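What follows is a single structure, written as structure tokens, with notes after it.
Protein chains: 2
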Amino acid sequence: MEEKLAQLKTKLAEIVDLSQAAALLGWDQQTYMPPAGAEARGNQQAVLGRIMQEWATAPELGKLLDELKPYGESLDPNSDDARLIKVTAKDYAKATCVPTEFVVEFAQVTSLAQQSWVEARQKSDFSIFQPHLEKIVELRRKYASFFPGVEHPYDALLDDFEPGMKTEDVKAIFSALRPQQVELIKAIAEKPQVDDSFLHQPFDEQAQWDFGVEVITKFGYDWNRGRQDKSAHPFTQGMALNDVRITTRVDPNFLNSMLFGTMHECGHALYGLGSSPALDRTGLEGGASMAVHESQSRMWENLVGRSLPFWQHFYPRLQEVFPSQLANVSLNAFYKGINKVQPSLIRVEADEATYNLHIMLRLEIEIAVIEGNLAVKDLPEAWNTRMQEYLGLTPANDAQGVLQDIHWSFGGFGYFSTYALGNLVSAQLWEKINQDIPALDDQIRAGQFENLLGWLRTNIHVHGRKFEPQELVQQVTGSKIDPAPYMRYLGKKYSEIYGL
Amino acid sequence: MEEKLAQLKTKLAEIVDLSQAAALLGWDQQTYMPPAGAEARGNQQAVLGRIMQEWATAPELGKLLDELKPYGESLDPNSDDARLIKVTAKDYAKATCVPTEFVVEFAQVTSLAQQSWVEARQKSDFSIFQPHLEKIVELRRKYASFFPGVEHPYDALLDDFEPGMKTEDVKAIFSALRPQQVELIKAIAEKPQVDDSFLHQPFDEQAQWDFGVEVITKFGYDWNRGRQDKSAHPFTQGMALNDVRITTRVDPNFLNSMLFGTMHECGHALYGLGSSPALDRTGLEGGASMAVHESQSRMWENLVGRSLPFWQHFYPRLQEVFPSQLANVSLNAFYKGINKVQPSLIRVEADEATYNLHIMLRLEIEIAVIEGNLAVKDLPEAWNTRMQEYLGLTPANDAQGVLQDIHWSFGGFGYFSTYALGNLVSAQLWEKINQDIPALDDQIRAGQFENLLGWLRTNIHVHGRKFEPQELVQQVTGSKIDPAPYMRYLGKKYSEIYGL
Numbered sequence: 309m310e311e312k313l314a315q316l317k318t319k320l321a322e323i324v325d326l327s328q329a330a331a332l333l334g335w336d337q338q339t340y341m342p343p344a345g346a347e348a349r350g351n352q353q354a355v356l357g358r359i360m361q362e363w364a365t366a367p368e369l370g371k372l373l374d375e376l377k378p379y380g381e382s383l384d385p386n387s388d389d390a391r392l393i394k395v396t397a398k399d400y401a402k403a404t405c406v407p408t409e410f411v412v413e414f415a416q417v418t419s420l421a422q423q424s425w426v427e428a429r430q431k432s433d434f435s436i437f438q439p440h441l442e443k444i445v446e447l448r449r450k451y452a453s454f455f456p457g458v459e460h461p462y463d464a465l466l467d468d469f470e471p472g473m474k475t476e477d478v479k480a481i482f483s484a485l486r487p488q489q490v491e492l493i494k495a496i497a498e499k500p501q502v503d504d505s506f507l508h509q510p511f512d513e514q515a516q517w518d519f520g521v522e523v524i525t526k527f528g529y530d531w532n533r534g535r536q537d538k539s540a541h542p543f544t545q546g547m548a549l550n551d552v553r554i555t556t557r558v559d560p561n562f563l564n565s566m567l568f569g570t571m572h573e574c575g576h577a578l579y580g581l582g583s584s585p586a587l588d589r590t591g592l593e594g595g596a597s598m599a600v601h602e603s604q605s606r607m608w609e610n611l612v613g614r615s616l617p618f619w620q621h622f623y624p625r626l627q628e629v630f631p632s633q634l635a636n637v638s639l640n641a642f643y644k645g646i647n648k649v650q651p652s653l654i655r656v657e658a659d660e661a662t663y664n665l666h667i668m669l670r671l672e673i674e675i676a677v678i679e680g681n682l683a684v685k686d687l688p689e690a691w692n693t694r695m696q697e698y699l700g701l702t703p704a705n706d707a708q709g710v711l712q713d714i715h716w717s718f719g720g721f722g723y724f725s726t727y728a729l730g731n732l733v734s735a736q737l738w739e740k741i742n743q744d745i746p747a748l749d750d751q752i753r754a755g756q757f758e759n760l761l762g763w764l765r766t767n768i769h770v771h772g773r774k775f776e777p778q779e780l781v782q783q784v785t786g787s788k789i790d791p792a793p794y795m796r797y798l799g800k801k802y803s804e805i806y807g808l
Numbered sequence: 309m310e311e312k313l314a315q316l317k318t319k320l321a322e323i324v325d326l327s328q329a330a331a332l333l334g335w336d337q338q339t340y341m342p343p344a345g346a347e348a349r350g351n352q353q354a355v356l357g358r359i360m361q362e363w364a365t366a367p368e369l370g371k372l373l374d375e376l377k378p379y380g381e382s383l384d385p386n387s388d389d390a391r392l393i394k395v396t397a398k399d400y401a402k403a404t405c406v407p408t409e410f411v412v413e414f415a416q417v418t419s420l421a422q423q424s425w426v427e428a429r430q431k432s433d434f435s436i437f438q439p440h441l442e443k444i445v446e447l448r449r450k451y452a453s454f455f456p457g458v459e460h461p462y463d464a465l466l467d468d469f470e471p472g473m474k475t476e477d478v479k480a481i482f483s484a485l486r487p488q489q490v491e492l493i494k495a496i497a498e499k500p501q502v503d504d505s506f507l508h509q510p511f512d513e514q515a516q517w518d519f520g521v522e523v524i525t526k527f528g529y530d531w532n533r534g535r536q537d538k539s540a541h542p543f544t545q546g547m548a549l550n551d552v553r554i555t556t557r558v559d560p561n562f563l564n565s566m567l568f569g570t571m572h573e574c575g576h577a578l579y580g581l582g583s584s585p586a587l588d589r590t591g592l593e594g595g596a597s598m599a600v601h602e603s604q605s606r607m608w609e610n611l612v613g614r615s616l617p618f619w620q621h622f623y624p625r626l627q628e629v630f631p632s633q634l635a636n637v638s639l640n641a642f643y644k645g646i647n648k649v650q651p652s653l654i655r656v657e658a659d660e661a662t663y664n665l666h667i668m669l670r671l672e673i674e675i676a677v678i679e680g681n682l683a684v685k686d687l688p689e690a691w692n693t694r695m696q697e698y699l700g701l702t703p704a705n706d707a708q709g710v711l712q713d714i715h716w717s718f719g720g721f722g723y724f725s726t727y728a729l730g731n732l733v734s735a736q737l738w739e740k741i742n743q744d745i746p747a748l749d750d751q752i753r754a755g756q757f758e759n760l761l762g763w764l765r766t767n768i769h770v771h772g773r774k775f776e777p778q779e780l781v782q783q784v785t786g787s788k789i790d791p792a793p794y795m796r797y798l799g800k801k802y803s804e805i806y807g808l
């Protein structure tokens, strides 16, 4: 059996190597590739994708996994090898459920849909995108039908991002969360608004970049195993356990883009860099799920980077870098400014208090569409109604409403919820970390992040994809994903800032 | 047959796509990859290499080529399809001659040898490298033995870089060239030396970079289809017909590195970008051989970039960029300085007049070693003897002598000659271009390069790998590779500069 396990690991290592080559193609496409290289890049991605699909669904792989199943069950269920056999068997089963012709059709349909979405958004005309989205919804429903024993069609979609998570779980979490978030925002709206005008000034781009580098170097980002570049949309891309890169963008007239974008991506990268070396090239390196990944990025961005202790350490340094802009802005005013709550139309610009409402809106619509209870043609109206209900705003046009996000155009139904779940998990972990490291605030106030990073490594990062997200959160915090800690966190923070 | 041809093209396109993905891995390794990513990068390259080797030697490919042979012979022999079938059949025959075990062993031996070469050069101790080089020579001789009907073992090695070129051809060319080059250098040495001290001053790095960009933009480098980055050793890498990138290095205290390095790599890139779109993704895009490639890079670097008309256009601009360094240096003094002839120990620093002697020295040694007429242990002495004979210098140590170049450590026997052949071809083409474009000097003097680039595209670039180098040179100039034009070029140039 040892020999069969070694065979399995050899096959998986080659699939990982290929996926890492593909990851570099993607990274380059968004950072340095000259424009005219796009068509060839598509061909390069396609051939790698085809080989990976072939290898990941190869009958010999299935045979090996079948043979290894009893062996895996005989091991400590939390051991690397037991988990490797179990998780890989699930991956294999899922991959082989979907016919190759479907994969090809889906790639073609979404490729066209993405182009139509760009045009539709530019012209703010949903009708351009509508037929493409209808086809995508049809294919997503068909996709769900390939998996036997799935209770709700949305479960199949969710599982691609949050292994093991059910539609009912997500609904329950968000039902508990929604009234509390709406109430919080109402309470804030009744209070005088804080000033953040000083964040909207000219800030030298190189100086911004350098400050961001200083911060994430203190976080523990290892420049020997990563790098930072610029891109239109910040992202993190691992092309090896020892090569996890981030990008950021710098707005010359607004400090927040670089500041919180850099910390956010660093959070993702620290997770990717923290997998156990024993998991390297097995397919189990990386993260448990999108939500757990987002819990890490949001933790460094918000629970650390938008906290008072953090700025007690870093604000004097930031004032030193930007004296003419910030010399007359007090620490307290700065802290309030970066935590300003302001309902807005655009998800990616939302603050911590309103962000989850943007997600809930999308989630409800997604589920209804996949269930067949909402027609694609009625999406703009459904969007605008909820936007008014949750955030008190109505988009002036579809570009600022239903067309604002790219996700549906690539078929990413199920993706949005992970952003909100990530917020919840970040606060849930944070409560536990503060129990385990009572001096955490003092350490942050001193610019020391070793214990925090060490805790995350030991409890989260090292496990890679070994555990499903609910399993992992339960194991670490004692309960499954729970909205209460996040609401406690928001309540406490905004009570102080807005005097609720 | 049309259908079989289409099948062939589909298979070749996928091999090209993979090779382009591999090219990006290589480019990234030398530009942006964080240091700790190296080991994983090796695995990624290995798996792509293995798939490409499998596909390039697949029996179905051989069967298709056999079936297509009569069809190919029925077509116009210079047509794209006829050449595609012919060249691919040769590639296939060569690839299938070499056993896979040999390919694996060779990769392992050279990987270790490269590490030992680095150490040997650092310590200037040939004995560290000697056993590795002995093994490599043994494997190179074995490699040659795999090809039936090869007259001279060195022919097999040469063919990998210069398809169709024979050891006897190269020997004949260099035998004719050597006495003339030695004589020229002696004549120059008897004249007063020119001054180039003004090139060795501090020059702002960004200003250097910008000037280089200005020059190659005028050459016609298309930034939509390429880009320039920094690397320790400048190189050109195509990852698609529409994505051919260059790198350069900038020495803050010496103008030549950036200046001529940038033009050199641009020459390679223009060649890569000029293949006929009809050859895209066939394996016939790119260049005819290393020597023809080098003819392009050396032409833009030397025949254009070190010419008086070029600087009649660009020197006022360069003086504007670096007034404190160059305001008091006349055009004539500058032109002489960048063309200074000075025998030196290191090939990559050699001037146009002495460069080829560095190559001849290596070529003679390589042939003798592969023939078995020179033992690896005797290489340092053989090197130093020739260095004294040709250039009047003796290296102080092996690092400055036999250990200076990396090529043998990766088994690149046959590679060096292409540098010198490239010089010869560049001058041979230049004579023909000047016949076809009599106003070329005036155009260069006006900063106009469209006609030159147009000529190169039509006569050289567009053909990609369709023709073997000797065939191509014959077709364009009316004779095979010939050292006479290069000697006429050097003679004329240095007569003016040194008053011979």
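Top line first, the protein sequences correspond to chains S and E. Position in the first sequence (first residue = 1) + 308 = the working numbering. Position in the second sequence (first residue = 1) + 308 = the working numbering. Glycine included, each C-beta is placed from N, C-alpha and C at the ideal position. Every value quoted in this text rests on a predicted model; they were computed, and no experiment measured them.
In this structure, what does DSSP give as the bridge partners for V552(S)? G546(S)
Using a Cβ cut-off of 8 Å (strictly closer), state whether Q352(S) contacts chain E. yes
Top-ranked residue by Cα proximity to H541(S), from I714(S), H769(S), I768(S): I714(S)
So which residues on chain S does Y340(E) lean against when the C-beta distance must stay under 7 Å? R535
Inspect the beta-carbon positions of L737(S) and V784(S) and report whether they are closer than 8 Å. yes
Out of I323(S), V523(S), G350(S), point me to the one whose CA is closest to Q328(E)'s CA. G350(S)
Return the chain-ordered list of same chain residues with a C-beta closer than 6 Å to the C-beta of R655(E), the five sequence neighbours on each side being excluded. H666
How many whole angstroms separate the CB atoms of G575(S) and M607(S), which I take to be in contact at a CB cut-off of 8 Å? 6 Å
Is it right to say Q604(S) is buried, meaning 16 or more other beta carbons lie within 10 angstroms of its own, or is it exposed? buried
Which runs of the alpha helix (DSSP H) at least 4 residues long sit entirely within the segment 713-788 of chain E? Give them in chain order. 725-744, 748-753, 758-767, 777-785
Nearest chain E C-beta to P542(S) closer than 8 Å, yes or no? no
The alpha helix (DSSP H) spanning K479(S) covers which residue range? 475-497
Within chain S, the residues that L420(E) reaches when beta carbons sit closer than 8 Å: Going along chain S, no residue has its Cβ under 8 Å from L420(E), so there is no contact; the nearest lies around 21 Å.
Comparing the C-beta of D336(E) with each C-beta of chain S, is any distance below 8 Å? yes
Should I524(E) be flagged as near chain S, meaning a C-beta pair shorter than 8 Å? no
Of all the CB atoms in chain E, is at least one closer than 8 Å to the CB of M547(S)? yes
List the residues that DSSP assigns as beta-bridge partners of K538(S). T556(S)
Could you check if L808(S) is buried or exposed, using at least 16 other CB atoms within 10 Å of its CB as the buried criterion? exposed
F562(S) in three-state terms, based on DSSP: strand
Under 7 Å (Cβ pairs) to chain E, residues found in the segment 407-439 of chain S: none
By the three-class DSSP mapping on this structure, what secondary structure does I654(S) have? coil
G772(E): buried (16+ other C-beta within 10 angstroms of its C-beta) or exposed? buried
Residues of the segment 572-588 of chain S in Cβ contact with chain E at a cutoff of 9 Å, in chain order, please. D588
Which same chain residues, not among the five before or five after K644(S), have their C-beta less than 6 Å away from its C-beta? V502, I805
Quick check on this structure: which residue in N767(E), P560(E), E381(E), K398(E) has the alpha carbon closest to the alpha carbon of P471(E)? K398(E)
Look at the Cβ atom of N561(E), then the Cβ atom of P500(E), and state whether they are nearer than 8 Å. no
Taking Cβ-Cβ distances below 7 Å as the criterion, which residues of the segment 314-327 of chain E are in contact with chain S? E322, D325, L326
Does W531(S) get closer than 8 Å to chain E when you measure Cβ to Cβ? yes
Compute the distance between the beta-carbons of G546(E) and R557(E), then report whether it is under 8 Å. no
Going by beta-carbon coordinates alone, are A586(S) and D388(S) separated by less than 8 Å? yes
Please say whether A704(S) and P793(S) have beta carbons closer to each other than 8 Å? no
Is it buried or exposed for M309(S), if we count other Cβ within 10 angstroms and need 16 for buried? exposed
Amino acids of chain E, ordered along the chain, whose beta-carbon sits closer than 7 Å to that of L332(S): L332, L333, D336
Which bits of chain E does I359(S) rub up against, with CB to CB less than 7 Å? I359
As a quick exercise: from D468(E), E522(E), A515(E), F414(E), pick the residue whose alpha carbon is nearest that of Y442(E). It is worth fixing the name first, because residue 442(E) is Glu in this sequence and not Tyr. Per the Cα distances, F414(E).
Which two residues bound the contiguous alpha helix (DSSP H) that contains E409(E)? 408-431
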